[in-house]
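Quick note, the sequences are listed as chains X and A, same order.
With the numbering used here applied, the first sequence covers 1 to 305.
With the numbering used here applied, the second sequence covers 306 to 591.
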Amino acid sequence: MTVPVIELEDLRVRIGKREILRGLNLELKGRTVGLLGPNGAGKSTLINTLLGFWKPTTGTARVLGHDVRTEARQIRSLIGYMPENDSFIANMPAITYVRMAAELSGLPEDAALERAHEVLFYVGLGEARYRKLGAYSLGMKQMAKLAQAIVHGPKLVILDEPTNGLDPQARLRMIKLICEMKALGEMSILICSHLLRDIEETCEEAVILKAGEIVHYSNLEEERASNRRFVEIETEGDDGSFADAVERLGCACAVTAPGKIKTVLTEGIEIRDLYRLAADRDVQLRRLNYRRDSLEDIFMKAMEK
Amino acid sequence: MAVYKRSYRAYSGPLTNPMWRFLVLQRYAMKGIFRSRFLLIGYVGCFFLPVLAICAIYLNQNAAILAQINSKPGFLKIDGNFFMVVLQAQGSLAGLLTAFVGPSLIAPDLTNGALPLYLSRPISRTEYILGKAMVLGSLIASITLIPTLLMFVVQSSVAGYSWFSNNLFLANGILWTNLLMMALFILLGLAMSAWVRWRIVAGAMVLGVFVAGKGFAAVINAAMRTDGGYYLDLQHLLSTVAGALLHHAAEDEPIPVTAAFIAIFAVCGLLLLLIDRKLRVCEAAG
Numbered sequence: 001m002t003v004p005v006i007e008l009e010d011l012r013v014r015i016g017k018r019e020i021l022r023g024l025n026l027e028l029k030g031r032t033v034g035l036l037g038p039n040g041a042g043k044s045t046l047i048n049t050l051l052g053f054w055k056p057t058t059g060t061a062r063v064l065g066h067d068v069r070t071e072a073r074q075i076r077s078l079i080g081y082m083p084e085n086d087s088f089i090a091n092m093p094a095i096t097y098v099r100m101a102a103e104l105s106g107l108p109e110d111a112a113l114e115r116a117h118e119v120l121f122y123v124g125l126g127e128a129r130y131r132k133l134g135a136y137s138l139g140m141k142q143m144a145k146l147a148q149a150i151v152h153g154p155k156l157v158i159l160d161e162p163t164n165g166l167d168p169q170a171r172l173r174m175i176k177l178i179c180e181m182k183a184l185g186e187m188s189i190l191i192c193s194h195l196l197r198d199i200e201e202t203c204e205e206a207v208i209l210k211a212g213e214i215v216h217y218s219n220l221e222e223e224r225a226s227n228r229r230f231v232e233i234e235t236e237g238d239d240g241s242f243a244d245a246v247e248r249l250g251c252a253c254a255v256t257a258p259g260k261i262k263t264v265l266t267e268g269i270e271i272r273d274l275y276r277l278a279a280d281r282d283v284q285l286r287r288l289n290y291r292r293d294s295l296e297d298i299f300m301k302a303m304e305k
Numbered sequence: 306m307a308v309y310k311r312s313y314r315a316y317s318g319p320l321t322n323p324m325w326r327f328l329v330l331q332r333y334a335m336k337g338i339f340r341s342r343f344l345l346i347g348y349v350g351c352f353f354l355p356v357l358a359i360c361a362i363y364l365n366q367n368a369a370i371l372a373q374i375n376s377k378p379g380f381l382k383i384d385g386n387f388f389m390v391v392l393q394a395q396g397s398l399a400g401l402l403t404a405f406v407g408p409s410l411i412a413p414d415l416t417n418g419a420l421p422l423y424l425s426r427p428i429s430r431t432e433y434i435l436g437k438a439m440v441l442g443s444l445i446a447s448i449t450l451i452p453t454l455l456m457f458v459v460q461s462s463v464a465g466y467s468w469f470s471n472n473l474f475l476a477n478g479i480l481w482t483n484l485l486m487m488a489l490f491i492l493l494g495l496a497m498s499a500w501v502r503w504r505i506v507a508g509a510m511v512l513g514v515f516v517a518g519k520g521f522a523a524v525i526n527a528a529m530r531t532d533g534g535y536y537l538d539l540q541h542l543l544s545t546v547a548g549a550l551l552h553h554a555a556e557d558e559p560i561p562v563t564a565a566f567i568a569i570f571a572v573c574g575l576l577l578l579l580i581d582r583k584l585r586v587c588e589a590a591g
């Protein structure tokens with residue numbers, strides 16, 4: 001049985017007099033998980049709790065099977081964290097910065113230096129690795145932060161707003177890198193972002209927080225798969241028998257307007273069967289769309305709850 | 306294979322001992338500090354008096370060399386007073402070093418928001434403070450504790466076993482006075498660095514604590530006709546403790562040694578609390 005990446009059981013976190021996280025229950029096993037929510041939803045508090053900065057008031061939180069209350073050190077050795085805000089030493093060259101990060105995670109000096117060179121090349125800062133971080137552009141700083149987060153080969157990487165402030169080109173590069181990291185299969189990735197598109201493009205699972213509560217959990221992979229079975233069809237020349245024929249194939253079918261049909265393809269029925277059916281009845285298929293609930297739709301629905 | 310041709314791969318090699326990992330912070334901070342030539346020259350200058358004193362201790366017992374300059378052995382009396390003078394001089398230099406180095410230890414990390422970066426790794430807040438404290442600790446020890454103990458060793462070797470056995474309390478006094486002084490300077494330097502972002506102001510405040518403390522003590526003592534003001538004078542507190550440990554206490558010492566000890570510990574505790582409080586607030590990201 002695979003150990004969940006993140007496991008929350010009635011997790012409550014109170015800071016001062018305010019309860020920020022209110023009884024979160026969740027089990028995430030996906031390789032890439034998106035954490036969404038408006039400002040003040042509790043995303044940063046959740047990350048800080050997973051990192052061990054805030055202690056749960058009640059309930060438990062486990063990261064890769066380790067309890068945040070008692071095994072914060074082990075958790076931190078398995079995690080790579082890319083903070084949202086500027087988090088670097090301005091007068092330090094990138095290579096020294098990443099090397100120090102690796103050494104703090106326990107790599108010996110020589111291995112840390114080698115890894116620092118490698119990851120800086122990997123994130124595209126190879127040529128600029130001896131430049132001071134203070135002289136880096138925003139995009140380069142984001143990449144340097146990513147490099148320090150992955151230099152020690154963590155099992156879970158937490159990326160807090162990784163594309164914040166990036167121009168479209170730099171954003172694409174960051175998204176590509178995240179997808180590459182996901183494809184390598186070496187680590188799980190938790191992405192906290194305001195940009196729904198980033199989550200949609202990179203994540204397998206998405207969790208939406210609102211006012212300290214989980215208002216929606218979505219397995220994006222499964223949703224994408226199920227959406228592929230839901231088809232909207234526009235026909236021409238249909239006398240009404242086409243919908244009946246589709247139903248006879250075993251697919252649930254609804255006629256929403258004359259010539260407009262919505263159907264869910266059952267197991268074993270493919271699109272080509274619909275084309276065949278239309279050809280047999282001399283019906284023209286003018287439009288055929290898969291349903292696609294965008295993450296934005298899901299997010300907006302969750303916010304209405 | 307060249308590093309630029311490699312893709313990302315997980316690290317599976319050996320790891321360093323977690324117990325000593327805080328020394329990474331010290332090593333990197335040291336490298337940063339000694340990039341300043343001014344500080345490097347100043348640091349080297351701090352060894353002038355100890356080297357001179359060690360040479361004097363050696364010459365003090367060397368009849369052959371002294372005869373050549375028409376002098377007699379024992380021109381210098383190596384006792385509690387000697388070490389008090391050396392400790393006061395080196396202590397002042399340690400104060401200056403703290404004022405220069407201390408502010409550059411924590412303040413840049415807070416300004417750059419780098420604390421979550423350190424503390425999201427397997428390193429605790431205590432280890433972070435320890436790593437930074439080691440920077441000041443090693444610098445101060447190298448100009449105070451180590452040279453003064455070396456002086457004691459040199460004097461013992463040239464003066465013989467009887468001097469050593471009769472004056473073993475001096476080694477004890479040197480050790481404890483230096484440890485107290487180091488603790489005070491380290492915590493003061495770190496506290497100022499944590500709470501005052503501007504380096505110059507933080508440095509001035511390190512020195513100011515000693516100068517202002519002395520001033521306040523004098524004002525309180527004069528205005529209230531009491532000796533209680535001395536508890537605000539850190540320099541006086543350290544001198545009281547050093548005098549007692551080195552058997553060179555002033556006869557009219559206004560405050561008891563135990564009270565001076567307690568006062569120094571209380572100040573150290575307060576400074577530690579200040580550092581912890583500041584870091585606790587800043588450690589969480591976002």
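Cβ atoms here follow ideal geometry from the backbone N, Cα and C, with glycine treated the same way.
C-alpha gap between residue i and residue j, whole angstroms
| i | j | result |
| --- | --- | --- |
| A252 of chain X | T263 of chain X | 6 Å |
| D110 of chain X | Q366 of chain A | 49 Å |
| D280 of chain X | D273 of chain X | 10 Å |
| K519 of chain A | T403 of chain A | 18 Å |
| L484 of chain A | A90 of chain X | 34 Å |
| P258 of chain X | R286 of chain X | 13 Å |
| P561 of chain A | H553 of chain A | 14 Å |
| P38 of chain X | I47 of chain X | 15 Å |
| L26 of chain X | E9 of chain X | 7 Å |
| P108 of chain X | Y333 of chain A | 14 Å |
| I15 of chain X | L28 of chain X | 25 Å |
| S498 of chain A | I411 of chain A | 5 Å |
| F53 of chain X | V356 of chain A | 48 Å |
Beta carbon proximity, residue i to chain C, threshold 9 Å
| i | result |
| --- | --- |
| Y466 of chain A | Of the protein chains in this structure, namely X and A, none is chain C. |
Chain-order list of residues whose beta-carbon lies under 7 Å from that of residue i (same chain, five-residue window excluded)
| i | result |
| --- | --- |
| L325 of chain X | No answer is possible for residue 325 of chain X: it lies beyond the span of chain X, which begins at 1 and ends at 305. |
| K260 of chain X | E234 |
| T256 of chain X | K262 |
Same chain only: Cβ atoms within 6 Å of residue i, ignoring 5 sequence neighbours per side
| i | result |
| --- | --- |
| A302 of chain X | I208, V215 and H216 |
| E161 of chain X | E84 and S193 |
| I178 of chain X | T202 |
| F339 of chain A | L345 |
| L288 of chain X | I233 |
| L371 of chain A | P378 |
| C351 of chain A | L398 and I448 |
| A549 of chain A | V562 |
| I593 of chain A | Nothing in the structure corresponds to residue 593 of chain A, since chain A is present only between 306 and 591. |
| S317 of chain A | none |
| E247 of chain X | C253 |
| I569 of chain A | L485 and L542 |
Buried versus exposed call for residue i [16 or more other C-beta atoms within 10 Å across all chains shown]
| i | result |
| --- | --- |
| N386 of chain A | exposed |
| K145 of chain X | buried |
| W503 of chain A | exposed |
| F121 of chain X | buried |
| W325 of chain A | exposed |
| G407 of chain A | buried |
| E127 of chain X | exposed |
| I477 of chain A | Checking the sequence shown, residue 477 of chain A turns out to be Asn, not Ile. Exposed, because fewer than 16 other Cβ atoms sit within 10 Å of the Cβ of N477 of chain A. |
| N417 of chain A | buried |
| Q460 of chain A | buried |
| T531 of chain A | exposed |
Cutoff 8 Å; reference residue i; Cβ partners in own chain excluding five residues on either side
| i | result |
| --- | --- |
| F327 of chain A | I428, E432, Y433, L435, G436 and M439 |
| F405 of chain A | L344, G347 and G508 |
| A361 of chain A | L381 |
| P413 of chain A | A419 |
| A278 of chain X | T235, F242, Q284 and L285 |
Check your understanding: Which parts of the region 99 to 169 of chain X are runs of the beta strand (DSSP E), unbroken and 3 residues or longer, counting only runs that do not cross its ends?
Key -> 156 to 160
Check your understanding: Going along the chain, which residues of the region 81 to 95 of chain X sit with their C-beta nearer than 7 Å to a C-beta in chain A?
Key -> Y81, P83, E84, N85, D86, S87, F88, I89 and A90
Review point. Which residues, in order along the region 420 to 451 of chain A, keep a beta-carbon less than 9 Å from a beta-carbon of chain X?
Key: L420, P421, L422, Y423, L424, S425, R426, P427, I428 and S429
**Study point:** Contact list for the region 103 to 135 of chain X against chain A, Cβ threshold 8 Å
**Key:** E103, L104, S105, G106, L107, P108, A111, E114, R115, H117, E118, V119, F121, Y122 and G126
Point to revise | Whole runs of the beta strand (DSSP E) within the region 176 to 213 of chain X, excluding any shorter than 3 residues | key: 188 to 192 and 205 to 210
Exercise for review: Would you list, in chain order, the members of the region 396 to 418 of chain A that have their beta-carbon closer than 9 Å to a beta-carbon of chain X?
Suggested key: P413, D414, T416, N417 and G418
Check your understanding: Which of the residues in the region 307 to 331 of chain A, read from start to end, lie with their CB under 8 Å from any CB of chain X?
Key -> V308, Y309, R311, S312, Y313, R314, A315, Y316, S317, G318, P319, L320, T321, P323, R326, V329 and L330
Review point. What are the residues of the region 515 to 539 of chain A that lie near chain X, defined by any Cβ-Cβ distance shorter than 7 Å?
Key: none
Check your understanding: What residues in the region 166 to 190 of chain X have a beta carbon less than 8 Å from any beta carbon of chain A?
Key -> E180, M181, L184, E186 and M187
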